[in-house]
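Q: All residue numbers for the sequence shown refer to numbering that gives the first Met the number 0, where the first residue is 0 and numbers rise by one.
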Amino acid sequence: MAMLCGEIRGDLGTVEREVRVSTKPGGKGEADDMIGQAKSMFELAQAEEEQLSLLDPVTPEEMADARERLGPNAGRLAVLRAAREQRGRGRPKGARNKRTEDFARYLLGFGQHPAITMMQIQSTDPEVLIQASEQEKVHSFRKDGTPNVVTERMTYEAAQALRVRCAEGLLPYIESKRPVAVDMTFSNLSDLIIAGETHSEDHVRSIIDAEFTPVDTDGENGE
0 MAMLCGEIRG DLGTVEREVR VSTKPGGKGE ADDMIGQAKS MFELAQAEEE
50 QLSLLDPVTP EEMADARERL GPNAGRLAVL RAAREQRGRG RPKGARNKRT
100 EDFARYLLGF GQHPAITMMQ IQSTDPEVLI QASEQEKVHS FRKDGTPNVV
150 TERMTYEAAQ ALRVRCAEGL LPYIESKRPV AVDMTFSNLS DLIIAGETHS
200 EDHVRSIIDA EFTPVDTDGE NGE
């Protein structure tokens, strides 16, 4: 079970070649036994890989960590098994690992934190954003060949929408969402009948046992 699928497949081919070149008496029978054992181990390894794939799948980061520990020559089954074993005794699921933290530090080395950029845009007046967005662009060319240059800028609506998007992205990190208020007094619910809440038990019983009153469909004048 500890052998990898690729290693078993290679050993199986080696044993088959030994069968073809063996000339010793009884050698073919021994080689056949070796082939049978190798095939059984290969089938068991395949079954184990299928069973592992049915469990909670490992993340690409966990697979990369396991392959880094085992080396480039490790087979897929060995890497998969090592990744699951590391999950069982390592960091809890969903926690940031060292590889993620290293990558975050690498990205921050190119500039400031993205949240700071969003906060700077959100706190900037829309008029300033409009002015900062101004850029010259060649719109067309005149008959004499000189370019017709125009100045483009974002609209006031676009500047405000940009500020709102930045505010929405930062708001969950500043203010947590408040729970929705629920009215449990059952006030102003005349059509709702709950024994012991909106009506007494006797009142509910009288409603259930009540009889229907015939309705005069012809009107008061008999028309």
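All residues carry an ideal CB built from backbone N, CA and C; glycine is no exception.
Because the structure is a prediction, the values reported are computed rather than measured.
At the level of alpha carbons, what is the spacing between A73 and L79?
A: Stepping through the sequence shown from its first residue, residue 73 is reached at position 74. Stepping through the sequence shown from its first residue, residue 79 is reached at position 80. Going by the C-alpha atoms only, they are around 10 Å apart.
Q: Inspect the beta-carbon positions of D64 and Q85 and report whether they are closer than 9 Å.
A: What you label residue 64 is simply residue 65 of the sequence shown in a count that begins at 1. What you label residue 85 is simply residue 86 of the sequence shown in a count that begins at 1. Yes, they are a contact pair.
Q: Count the other CB atoms within 10 Å of the CB of E151; is the residue buried (16 or more) or exposed (fewer)?
A: Numbered from its first residue, the sequence shown carries residue 151 at position 152. Exposed, since its Cβ has fewer than 16 Cβ neighbours within 10 Å.
Q: For the candidate residues V57, A103, P125, whose alpha-carbon lies nearest to that of V163?
A: Locating residue 163 in the sequence shown gives position 164, where the first residue counts as 1. Per the Cα distances, P125.
Q: Decide if V57 is buried, meaning its Cβ has at least 16 other Cβ atoms within 10 Å, or exposed.
A: Mapped onto the sequence shown, residue 57 falls at position 58. Buried, because 16 or more other Cβ atoms sit within 10 Å of the Cβ of V57.
Q: For L170, count the other beta carbons within 10 Å of its own beta carbon; 16 or more makes it buried, fewer makes it exposed. Which is it?
A: One-based indexing of the sequence shown puts residue 170 at position 171. Flag for L170 reads exposed.
Q: So what's H202 in DSSP terms, helix, strand or just coil?
A: Taking the sequence shown and counting its residues from 1, one reaches residue 202 at position 203. Helix, per DSSP.
Q: Would you call A77 buried or exposed, if buried means 16 or more other Cβ atoms sit within 10 Å of its Cβ?
A: Within the sequence shown, residue 77 is the residue found at index 78, counting from 1. Classification for A77: buried.
Q: To the nearest angstrom, how far is the alpha carbon of V127 from that of Q159?
A: Your numbering for residue 127 matches position 128 in the sequence shown. Your numbering for residue 159 matches position 160 in the sequence shown. So the alpha carbons of these two residues sit roughly 11 Å apart.
Q: What is the DSSP secondary structure of P146, counted as helix, strand or coil?
A: Taking the sequence shown and counting its residues from 1, one reaches residue 146 at position 147. It is a strand residue.
Q: Nearest to I115 by alpha carbon, out of H202, I206, Y172, Q130?
A: As a working mapping, residue 115 is identified with position 116 in the sequence shown. Ranking the options by Cα distance to I115, first place goes to Y172.
Q: Quick one: what's got a C-beta closer than 8 Å to K136's C-beta in the same chain, skipping five residues either side?
A: As a working mapping, residue 136 is identified with position 137 in the sequence shown. Same-chain partners within the cutoff: V148, V149, T150, E151.
Q: Using 10 angstroms around the beta-carbon of E61, count the other beta-carbons present and answer buried if the total reaches 16, otherwise exposed.
A: Locating residue 61 in the sequence shown gives position 62, where the first residue counts as 1. Buried, since its Cβ has 16 or more Cβ neighbours within 10 Å.
Q: Between A81 and R98, how many whole angstroms is the CB-CB distance? I'm expecting something under 8 Å.
A: For the purposes of this step, residue 81 is taken as the residue at position 82 of the sequence shown. For the purposes of this step, residue 98 is taken as the residue at position 99 of the sequence shown. Not really, about 15 Å apart at Cβ, beyond 8 Å.
Q: Contact check, S122 vs M153 under 8 Å by CB: the rounded distance?
A: The residue you call residue 122 lines up with position 123 of the sequence shown. The residue you call residue 153 lines up with position 154 of the sequence shown. With 8 Å as the limit, S122 and M153 do not qualify as a contact, their Cβ atoms being about 17 Å apart.
Q: In chain order, what residues of the same chain have a beta carbon less than 8 Å from the beta carbon of C165, not counting five sequence neighbours either side?
A: Within the sequence shown, numbered from 1, the residue matching residue 165 stands at position 166. The answer, listed in chain order, is M117, M118, I120, Q121.
Q: Looking only at its own chain, which residues have a Cβ that is under 8 Å from the Cβ of A194, when we skip the five neighbours before and after it?
A: Residue 194 sits at position 195 when you count from the first residue of the sequence shown. So the list reads E200, V203, once near-sequence residues are dropped.
Q: Tell me which residue opens and which closes the beta strand (DSSP E) that F140 is part of.
A: Translated into positions along the sequence shown, residue 140 becomes position 141. It spans 134 to 140 - the beta strand (DSSP E) in which F140 sits, taken as one unbroken run.
Q: For A194, list the residues DSSP reports as bridge partners.
A: Counting from 1 along the sequence shown, the entry for residue 194 is found at position 195. According to DSSP, which records beta bridges pairwise, A194 is partnered with H198.
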